[in-house]
Every structure is written in structure tokens, then in C-alpha cells.
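Visitor:
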Amino acid sequence: MSDTGPLRELPLRHMHEEAGARFAPFAGWSMPVSYSLGVMKEHLHTREQAGLFDISHMRLIRISGPDAATLVARASPLEAESQAIGASKYTFLLNEDAGIIDDLIVTRLAADRFMVVANASRAAIDEAQLRCLASGLNVQIEPLDRVFLALQGPQAAEVMKDSGIETHGLTFMHGLETGDGWFLTRSGYTGEDGFEIALPASDAETLAGKLLADERVEWIGLAARDSLRLEAGLCLYGNDLDEQTDPASAGLVWAIPKPLRGGGGYAGAEKLAEIISAGPRKKRVGLQPEGRQPVRDGATLTDPNGKAIGRVTSGGFGPSVGHPVAMGYVPPDLAEPGTAVQADVRGKPVAMKIVKLPFITKRSKG
Amino acid sequence: MSAVSKTYYTEDHEWIRVENGVATVGITEYAQEQLGDLVFVELPEPGATVSKGDAIVVVESVKVASDVYAPADGDIKSVNDALSSEPGLVNSSAEKDGWLWTMALSDESQLEGLMDKSAYQTTVDQG
Chain A
1 MSDTGPLREL PLRHMHEEAG ARFAPFAGWS MPVSYSLGVM KEHLHTREQA
51 GLFDISHMRL IRISGPDAAT LVARASPLEA ESQAIGASKY TFLLNEDAGI
101 IDDLIVTRLA ADRFMVVANA SRAAIDEAQL RCLASGLNVQ IEPLDRVFLA
151 LQGPQAAEVM KDSGIETHGL TFMHGLETGD GWFLTRSGYT GEDGFEIALP
201 ASDAETLAGK LLADERVEWI GLAARDSLRL EAGLCLYGND LDEQTDPASA
251 GLVWAIPKPL RGGGGYAGAE KLAEIISAGP RKKRVGLQPE GRQPVRDGAT
301 LTDPNGKAIG RVTSGGFGPS VGHPVAMGYV PPDLAEPGTA VQADVRGKPV
351 AMKIVKLPFI TKRSKG
Chain B
1 MSAVSKTYYT EDHEWIRVEN GVATVGITEY AQEQLGDLVF VELPEPGATV
51 SKGDAIVVVE SVKVASDVYA PADGDIKSVN DALSSEPGLV NSSAEKDGWL
101 WTMALSDESQ LEGLMDKSAY QTTVDQG
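As they're listed, the protein sequences go chains A and B.
In this text, residue positions in the first sequence follow the working numbering: the first is 1, and each later residue adds one.
In this text, residue positions in the second sequence follow the working numbering: the first is 1, and each later residue adds one.
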């Protein structure tokens, strides 16, 4: 990721402009941050009806060939050989210290084919890691150039149906290749039911137009995507996850099949098994400020005596819950819900308490 | 407003309305549009002495916190308490009911050189 080079433009930029989008740089792309509805209404609209997100900055990487499953099993703590065709798994790439290089969704497309969805800011590093682990294997690693759209919200499935888009009976955390260059999954990053659709740019405008013709659908920008995922307790790479943070600290051991928690053939397995066995030294927690003031990422957390204990990694306002919400890391003995802590906001202490995640009741099932 | 009031605009997208040496300060319609829905406004203590350029107020939208600066030296006289329960007033009425604070100016001449409404509008239109 480069902060200095020219920004990449989305293929559907003109559609966003017509919808009154405000753009800002994100991970090397000029991305729609919000539209004329505004963040608050966009967020609420997604929870009530259906929101359409352009997430074409996310990177799809296809792994194919006789050794595709072997490569996935080397790269991530997944039982790739036995992963059902059509199943999508939330997983990671780990470094040798079990630090998270990236968090991913890996879908098995066929016996010899997997699709990886990677974060924009980490895609180049992910690809290099995959190529390094592929040494000696018979696999192709192909980054794909696609428009990537997400339709999220309780009405998403009905909208797909009424728009005549076949969803092949997909249930949450399943996906498939549906046509010439199309990849469809039932998944998302909002805590709602929904779909993610990758397709060639030449087909994208027609699809987006079809979805937007439904009055239940509005464009939703990155700002609401962030508040939606935060309310749902989902991690943002670069904020809540990084190479100094392991899956046990991040509370993501649920994503690792039990037989692989004590070790395995994937990168970082040995160190991760040690950490799981000894217990992590920090834990990701939900945090709720006592008042109305948002506490944002980077704020230092202290105990009631002012001793530094951790840091807020994501924070803002939760439009659906109607109060500020945050996540951060604290020592395990202070991670119990109900524990009182303080955050330093511009030199002033703000009272917070540890709360259970997520902040909302998730409607996504998976 | 009385005939003696005058409104100035800053490059930081604040408006300052001055009457009898007392300035009322807020953010412009353009600024509230850029920020989006406000969820919190951190206001100063009345009585505080401030200098031109000090960050006096923090306005927080869903996504970001932004500073609002003192346009001149002076003493804070009052703050808009309605904003603690209804920060959205800044969105719905940025240049009227959504005012932020009033201050007694030490030296009104510090405001000379700020823009009037039409000059400000020109800078906004030019992006």
C-alpha cells in the first residue's frame, strides 16, 4: 500500500458521483466515504433494509491447481483438504510469531480451486506470502481484477430474488463461481445477512443498476461500513489486527479448527499453539464510554488509578445502538465485562466499561 | 440581529458574528455538510481565557473528531448547552441555533482581514 502514489479509481466511480458520493483515499484507492443520505442514515438503512457497498478495493486471489488445498493448508489454520466445496471460512495468514499478516475469507470453489478475499492494504504482502509458501507446489496464484459489490441488510435476500439474481440457495458463509468471471458469496461485514458479488467491470454497471432500481436499496459508503462492522464486533485490519497481534489475543480462536489449535502444518502454528496453551497476554474487548463522547482509536486505556493498561483500536458512534462504541486491548485479568476503565481523550479521562461483543444482535448466521 | 452586527468567515470554516464587542462563533453550513451527522460537541468552560488559534471546541461526527479554533483572543462568556443533548443542531442550523460559544474579544481588530460572506462563498465554490 502506498500513501503517496496516484489513487486508483473505482470502475463504477461515475455511479457513485451521480449518487452524491464524497470520496477519500483508502488503501491506495479513491473510495466513496458517504453519499447524500449521510453516514447516520446510511448505517440505519442497512440495518433496516438493504445497503449496496462498492468494495472493489478488496482483493480477490484465486488459487488453483492440483496442490491448491495443500497451499491453503500451509498458509492458514484451516482443514483445507476436507473443506467442503462451497464453504467459506474466516481465517488468517500468520507470521512465524503467530502475528496476523491479514484476515481473509477463503472459499473452496472446487476440489482444486479456492478463492481468497484479502484486505486492500495487505494484498501485495498476502500474495508474496502465498507465492513463498507455494514453492515446490503445483498451483497457480492469480489476483483477479473484478468489481466487488456487497449487498447487506435484512432485505438483501428478497432484493436479490426480486432483481432476478439467482443465489443458488446459498446459506451464510457459502459461495460459488456462478458464471463467466462471477463469484458470489453469502457473507458480509455488517452483522447483517447479505451477499458479496465479484464480477467483471463490464457486467457491473448493469448489476448495480438492477439492485439500485429496487427502492429498498441505497448506496452505502465506507464510513457507515466502519460503524456497522464495529457495532457487529468485527475486526478491521490495521486497527484491531496487525502483525503484533495473534488470533488468541484477538479472540478469534473460534476460527481455528480444534485439531489445529495445538499445532499443525501452517505458518505460525508452533507459536500459536504456545500462546493458546499459555494464554494470551492481552485480549480484545468491547468498550462502552459512560457518556456521549466517542472514544476513538489510539486512545490510551488506564485503570481507575491512571495506570496505562491498553489501547483503543477502533471507536466511534454506533447509530443503531445510539451511543458511542469501541474496541481495544487490555490485560486478560481486566477483560471481564463490567470492569471499569478510563480512556485518555485529549488529556481528559473518559469513563468506560468493558462490555460483551457484539453491540448489536447479529442477523448474519454462520 | 441589530444593524451593528457584522459576520466574518475564516478559512477554517467558522463564522463569527460580532455585536458590541461580543462574538458568537460557529461552524459554517459548508463545514457541517463536510463533517456529516454530529454525535458529540465538546465545549469549553465559560470564563476561560483563550488565544487566537487555540482549539476551543471539538465537534465529533460518526467518523471523525475535528477542532474548532478561536478566531481571536478573548474570554469565553457562554456556550451553547443545547448541544450536549442535541449535537445535531449544528447540522440542522449551523449558522443560527447551532452556534458553539460566545466570547468577549480583547482586540476586535484581530478580525480584520477575515472574509465576508460573499468572499467566503467564493472560496467554498472554488473548492
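Backbone N, C-alpha and C fix where the C-beta goes; we use that ideal spot for every residue, glycine too.
Bear in mind the structure is a predicted one, so any value in this text is a computation, not a measurement.
Whole angstroms are fine: how far does the CA of D246/A sit from the CA of L212/A?
Guide: Counted from its first residue, the first sequence places residue 212/A at position 212. Counted from its first residue, the first sequence places residue 246/A at position 246. Answer to the nearest angstrom: the Cα atoms are 40 Å apart.
Visitor: Checking the sheet assignment: what are the DSSP bridge partners for Q152/A?
Guide: For the purposes of this step, residue 152/A is identified with residue 152 of the first sequence, where counting begins at 1. In the DSSP output, where bridge partners are listed per residue, Q152/A has G51/A and G194/A.
Visitor: With distances taken Cα to Cα, identify the nearest neighbour of V26/B among S51/B, A48/B and P87/B.
Guide: Residue numbering aside, residue 26/B sits at position 26 when the second sequence is read from its first letter. The identity of residue 26/B in the sequence shown is Gly, whereas the question assumes Val. Measuring from the Cα of G26/B, the nearest candidate turns out to be P87/B.
Visitor: Could you name the residues of chain A that G36/B contacts, counting a contact when the two beta carbons are closer than 8 Å?
Guide: What you label residue 36/B is simply residue 36 of the second sequence in a count that begins at 1. By Cβ distance, chain A contributes S34, G38, V39, M40 and A223.
Visitor: For E29/B, would you say it is in contact with chain A, using Cβ-to-Cβ distances shorter than 8 Å as the test?
Guide: Within the second sequence, residue 29/B is the residue found at index 29, counting from 1. No, E29/B does not count as interfacial toward chain A.
Visitor: With a 10 Å radius around its C-beta and 16 neighbouring C-beta atoms as the bar for buried, classify P77/A as buried or exposed.
Guide: Here residue 77/A corresponds to residue number 77 of the first sequence, with the count starting at 1. When all chains shown are included, P77/A counts as buried.
Visitor: For D180/A, count neighbouring C-beta atoms within 10 Å of its own C-beta (all shown protein chains included) and say buried if the count is 16 or more, exposed if not.
Guide: One-based indexing of the first sequence puts residue 180/A at position 180. Classification of D180/A: exposed, given that the 10 Å Cβ count is below 16.
Visitor: When you compare only the Cα positions, how much space is there between G347/A and F359/A?
Guide: Counting from one through the first sequence, the residue named residue 347/A turns up at place 347. Counting from one through the first sequence, the residue named residue 359/A turns up at place 359. Near 27 Å, if we compare the C-alpha coordinates of F359/A and G347/A.
Visitor: Could you check where the alpha helix (DSSP H) with M15/A kicks off and where it finishes?
Guide: What you label residue 15/A is simply residue 15 of the first sequence in a count that begins at 1. First-last of the alpha helix (DSSP H) with M15/A: R13 to E18.
Visitor: Can you pull the chain B residues whose beta carbon is under 7 Å from the beta carbon of G316/A, in chain order?
Guide: Counted from its first residue, the first sequence places residue 316/A at position 316. Neighbours of G316/A on chain B, chain order: V62 and K63.
Visitor: Based on DSSP bridge pairs, tell me the residues matched to A55/B.
Guide: Sequence index remark: in the second sequence, residue 55/B carries index 55 (1-based). Its beta-bridge partners are Y69/B.
Visitor: Going by Cα to Cα distance, which pick from P200/A, A224/A and R229/A is closest to S187/A?
Guide: Walking along the first sequence from the start, residue 187/A turns up at place 187. Answer by Cα proximity: R229/A.
Visitor: Report yes or no: do three or more beta-carbon pairs, one from the stretch 62-80 of chain A and one from the stretch 242-260 of chain A, lie closer than 8 Å?
Guide: The stretch 62-80 of chain A, when compared against the stretch 242-260 of chain A, does touch it at the 8 Å Cβ threshold.
Visitor: Where DSSP assigns a beta bridge to T107/A, which residues make up the other side?
Guide: The count along the first sequence starts at 1 and reaches residue 107/A at position 107. DSSP, once it has assigned bridges, lists S88/A and M115/A as partnering T107/A.
Visitor: At the level of alpha carbons, what is the spacing between R216/A and W15/B?
Guide: Counted from its first residue, the first sequence places residue 216/A at position 216. Counted from its first residue, the second sequence places residue 15/B at position 15. Going by the C-alpha atoms only, they are around 39 Å apart.
Visitor: Output the distance between the C-alpha atoms of V295/A and A128/A, rounded to the nearest integer angstrom.
Guide: Within the first sequence, residue 295/A is the residue found at index 295, counting from 1. Within the first sequence, residue 128/A is the residue found at index 128, counting from 1. Going from the Cα of V295/A to the Cα of A128/A covers about 36 Å.
Visitor: Would a check of beta-carbon distances place S227/A closer than 8 Å to chain B?
Guide: Residue numbering aside, residue 227/A sits at position 227 when the first sequence is read from its first letter. Yes - at least one Cβ of chain B is within 8 Å of the one on S227/A.
Visitor: If you follow the alpha helix (DSSP H) that S85/B is in, where does it begin and where does it stop?
Guide: Translated into the one-based positions of the second sequence, residue 85/B becomes position 85. Taken as a continuous stretch (DSSP letters only), the alpha helix (DSSP H) holding S85/B covers A82 to S85.
Visitor: CB-CB under 6 Å to A308/A, same chain, minus the five flanking residues each way: which ones, in chain order?
Guide: Stepping through the first sequence from its first residue, residue 308/A is reached at position 308. The answer, listed in chain order, is T300 and T302.
Visitor: Looking at chain B, is there any beta carbon in it that lies within less than 8 Å of the beta carbon of Q152/A?
Guide: Looking up residue 152/A in the first sequence gives position 152. False, the Cβ-Cβ gap to chain B never drops below 8 Å.
Visitor: Looking only at its own chain, which residues have a Cβ that is under 6 Å from the Cβ of L94/A, when we skip the five neighbours before and after it?
Guide: Mapped onto the first sequence, residue 94/A falls at position 94. So the list reads A267 and G268, once near-sequence residues are dropped.
Visitor: Drop a sphere of 10 angstroms on the beta-carbon of D54/A, count the other beta-carbons inside from all chains shown, and report buried for 16 or more, exposed for fewer.
Guide: Stepping through the first sequence from its first residue, residue 54/A is reached at position 54. Counting Cβ neighbours within 10 Å, D54/A comes out buried, since at least 16 surround it.
Visitor: Please list the partners that P349/A has in chain B, where partner means a Cβ-to-Cβ separation under 7 Å.
Guide: In the first sequence, the residue the question calls residue 349/A occupies position 349. In chain order: nothing, as chain B lies at least about 14 Å away.
Visitor: In whole angstroms, what separates the C-alpha of K353/A from that of A335/A?
Guide: Locating residue 353/A in the first sequence gives position 353, where the first residue counts as 1. Locating residue 335/A in the first sequence gives position 335, where the first residue counts as 1. Rounded to whole angstroms, K353/A to A335/A spans 10 Å at the Cα level.
Visitor: Work out the CA separation of E166/A and H174/A for me, nearest whole Å.
Guide: Against the first sequence, residue 174/A aligns to sequence position 174. Against the first sequence, residue 166/A aligns to sequence position 166. Using only the alpha carbons, I get a separation of about 14 Å.
Visitor: Sorted by chain position, which residues of the same chain lie with C-beta nearer than 8 Å to L287/A's C-beta, five sequence neighbours on each side aside?
Guide: Translated into positions along the first sequence, residue 287/A becomes position 287. So the list reads V295, L301, V312, G315, V325, A326, M327, G328, V341, A343, M352, K353, I354 and V355, once near-sequence residues are dropped.
Visitor: Could you tell me which whole beta strand (DSSP E) segments of length 3 or greater appear in the stretch 265-312 of chain A?
Guide: Qualifying beta strand (DSSP E) stretches, in chain order: 283-289 and 300-302.
Visitor: With DSSP run on the structure shown, which of helix, strand or coil describes Q342/A?
Guide: Position 342 of the first sequence, counted from the first residue, corresponds to residue 342/A. Looking at Q342/A - three-state DSSP - the assignment turns out to be strand.
Visitor: A110/A to A69/A, Cα distance in whole Å?
Guide: Residue mapping note: residue 110/A aligns to position 110 of the first sequence, counting from 1. Residue mapping note: residue 69/A aligns to position 69 of the first sequence, counting from 1. Their Cα atoms are separated by approximately 10 Å.
Visitor: Can you tell me the Cα-Cα spacing of E243/A and A98/A, whole angstroms?
Guide: Position 243 of the first sequence holds residue 243/A. Position 98 of the first sequence holds residue 98/A. The straight-line gap from Cα to Cα measures roughly 8 Å.
Visitor: In terms of residue numbering, what span does the beta strand (DSSP E) encompassing I63/A cover?
Guide: Translated into the one-based positions of the first sequence, residue 63/A becomes position 63. Per DSSP, I63/A belongs to the beta strand (DSSP E) from R59 to S64.
Visitor: Pick helix, strand or coil for I76/B, following the three-state DSSP scheme.
Guide: For this step, residue 76/B is matched to residue 76 along the second sequence. In the structure shown, I76/B sits in a strand (DSSP, three-state: E or B).
Visitor: Quick check: the Cα distance between V372/A and G169/A, rounded to an integer number of angstroms?
Guide: The question about residue 372/A has no answer, for chain A in this structure spans 1 to 366.
Visitor: With a cut-off of 8 Å, does the C-beta of E45/B fall near any C-beta of chain A?
Guide: Position 45 of the second sequence, counted from the start, is the residue given in the question as residue 45/B. Cβ-Cβ to chain A under 8 Å: no for E45/B.
Visitor: With 8 Å set as the bound, which would you pick, yes or no: does the beta-carbon of R13/A sit closer than that to a beta-carbon of chain B?
Guide: As a first step, residue 13/A is located in the first sequence; it is residue number 13 there, counting from the start. Output row for R13/A: interface = no.
Visitor: Taking R74/A as part of the alpha helix (DSSP H), name the residues at either end of that continuous run.
Guide: Position 74 of the first sequence, counting from 1, holds the residue named residue 74/A. Looking at the DSSP string, the run of the alpha helix (DSSP H) that includes R74/A is A68 to A75.
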